[in-house]
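**Q** Once you've had a glance at the structure underneath, I'll fire off some questions.
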Amino acid sequence: MKRPLIFLSFIFCLLAIAPTFAESLSYKLKPVKVAEDTYIFQGSKEHFSLENGGNIVNTGFIITKEGVIVIDTGPSARYGHEMRNAINEVTPLPINRVIVTHHHPDHFLGNQAFSGAPIWALPETIAAIRSEGDAMNENLYRLVGDWMLGTEVIVPGKSVNRSGEQIGEHRLRYIALQGHDIADLAILDETTGVLFAGDQVFMDRAPTTPHADIGKWLESLDQLEEIDFRLIVPGHGPVIGDNEAIRQTREYLQWLVKVLEDAADQGLEMTEVMNLDLPNKFKSLATVEAEYRRSVHHLWPEIVKRKLPKAVDRRID
Ligand SMILES: [Zn+2]
């Protein structure tokens, strides 16, 4: 009789621990002030994991006399709620609006925590969240598990279709870009000089490319470089006061395209391309090995397709 009793008490222990574990998950979000009225929550430079719960992203908020402007809402409802609570500890002012920079899951799945506030995004971003949001939510659930419990897709309801506006004492400029995603919104607070660049810019971390058009992305980086900003908040990695994050992102993307095009010219197989040695100058970028292989997966078919007619032409000659 002893064994079943021991087994039963073991099961009871597990049942007692399980909900406590799920409830104890916390991102421990701490706002960091980066400029007057301006705060960010800085995520890790890793890829999604069960340990980080998807907190690999930078989100932020600006306090104005007309309320708080939230920029991106993180990877889950849990993150969004923690973010909103952390904002409430800094200011009693209500949320004026949420602005979503693009349609990748680490940037908008916290939207539901901001119910009652209008959520703005570029029209293409709204359409993409409407069509792909649920699949992204499910995929992130597979990658980070319980952190996603209760997360539902909330599609932004307001379309950013102007170049800027005055909110309280802050003048915002909206910069519609492309290349990292099908649509990318950068936001310059002209009052403080802080540029929220979204995932157009990565700092000390390899850029991600699931929806990338590298040519358009490089053009967008040129556009960002023309802007007179004092501080840049990249989508991933630390904030920085000069062009270094733009330079890093551009240099990596230019190399990525070149290495893939050269490999296609040499007739390499995709697996060979994935196993190429990375240049030393990129080895310090966080997640570069894994991100490079993911980028080969994303970009190789298109590059081969582009190169193929030339190869055929040569054979005909
Ligand atoms: Zn991102």
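Numbered according to numbering that gives the first Met the number 0, the sequence shown terminates at residue 316, and the numbering increases by one at each position without gaps. Glycine included, every Cβ here is placed at the ideal spot set by N, Cα and C.
Does DSSP classify E168 as helix, strand or coil?
**A** Translated into positions along the sequence shown, residue 168 becomes position 169. The answer is coil: DSSP assigns E168 none of H, G, I, E or B.
**Q** Tell me which residues pass a beta-carbon proximity test against ligand 1: closer than 6 Å to any heavy atom, given in chain order.
**A** Residues with a Cβ closer than 6 Å to any heavy atom of ligand 1, in chain order: V56, H103, D105, H106, D198, G234 and H235.
**Q** For my contact list, N57 and I39 are in at a C-beta cut-off of 8 Å; report their separation, rounded to the angstrom.
**A** Locating residue 57 in the sequence shown gives position 58, where the first residue counts as 1. Locating residue 39 in the sequence shown gives position 40, where the first residue counts as 1. N57 to I39, Cβ: 5 Å. Contact.
**Q** Quick check on S114: buried or exposed, where buried means 16 or more other Cβ atoms within 10 Å of its Cβ?
**A** The count along the sequence shown starts at 1 and reaches residue 114 at position 115. The residue is exposed, with fewer than 16 neighbouring Cβ atoms inside 10 Å.
**Q** Judging by CA-CA distance, which residue of G53, H169, N84 and T124 is the nearest neighbour of I62?
**A** Stepping through the sequence shown from its first residue, residue 62 is reached at position 63. Looking at the Cα atoms, H169 is the closest of the given residues.
**Q** Are the CB atoms of R172 and L187 within a distance shorter than 8 Å?
**A** Within the sequence shown, the letter at position 188 stands for residue 187. Within the sequence shown, the letter at position 173 stands for residue 172. Yes.
**Q** With 16 other CB atoms within 10 Å as the buried threshold, where does R249 fall?
**A** By one-based count along the sequence shown, residue 249 stands at place 250. Per the 10 Å Cβ criterion, buried.
**Q** Are three or more beta carbon pairs between the segment 98 to 111 and the segment 178 to 186 nearer than 8 Å?
**A** Yes, the segment 98 to 111 touches the segment 178 to 186.
**Q** Between E189 and the rest of its own chain, which residues show a CB-CB distance below 6 Å, the 5 nearest in sequence each way excluded?
**A** On the sequence shown, residue 189 is found 190 positions in, with the first residue counted as 1. Hits under 6 Å: R170 and R172.
**Q** With a cut-off of 8 Å on the beta carbons, I'd call V143 and F228 a contact; round off their distance for me.
**A** Taking the sequence shown and counting its residues from 1, the one referred to as residue 143 is at position 144. Taking the sequence shown and counting its residues from 1, the one referred to as residue 228 is at position 229. Incorrect: roughly 32 Å between the Cβ atoms, too far for contact.
**Q** Sorted by chain position, which residues of the same chain lie with C-beta nearer than 6 Å to A244's C-beta, five sequence neighbours on each side aside?
**A** Sequence index remark: in the sequence shown, residue 244 carries index 245 (1-based). Taken in chain order, the residues that qualify are V200, M202, I231 and P233.
**Q** Start and end of the alpha helix (DSSP H) containing A263?
**A** Within the sequence shown, numbered from 1, the residue matching residue 263 stands at position 264. A263 -> alpha helix (DSSP H) spans E243 to D264.
**Q** Classify Q253 as buried or exposed, calling it buried when 16 or more other Cβ atoms lie within 10 Å of its own Cβ.
**A** Within the sequence shown, the letter at position 254 stands for residue 253. It is exposed - the Cβ of Q253 has fewer than 16 other Cβ atoms within 10 Å.
**Q** DSSP three-state call for G53: helix, strand or coil?
**A** Against the sequence shown, residue 53 aligns to sequence position 54. It is coil, neither helix nor strand.
**Q** Look at the alpha carbon of E218 and the alpha carbon of G178, and state the distance between them as a whole number of angstroms.
**A** For the purposes of this step, residue 218 is identified with residue 219 of the sequence shown, where counting begins at 1. For the purposes of this step, residue 178 is identified with residue 179 of the sequence shown, where counting begins at 1. So the alpha carbons of these two residues sit roughly 8 Å apart.
**Q** Helix, strand or coil: which one does DSSP assign to R229?
**A** Working through the sequence shown from its first residue, we reach residue 229 at position 230. R229 falls in the coil class under three-state DSSP.
**Q** Once you ignore the five residues that flank R204 on each side, which residues in its own chain have a CB closer than 7 Å to its CB?
**A** Translated into positions along the sequence shown, residue 204 becomes position 205. Same-chain partners within the cutoff: K44, H235, G236, L284, A285 and T286.
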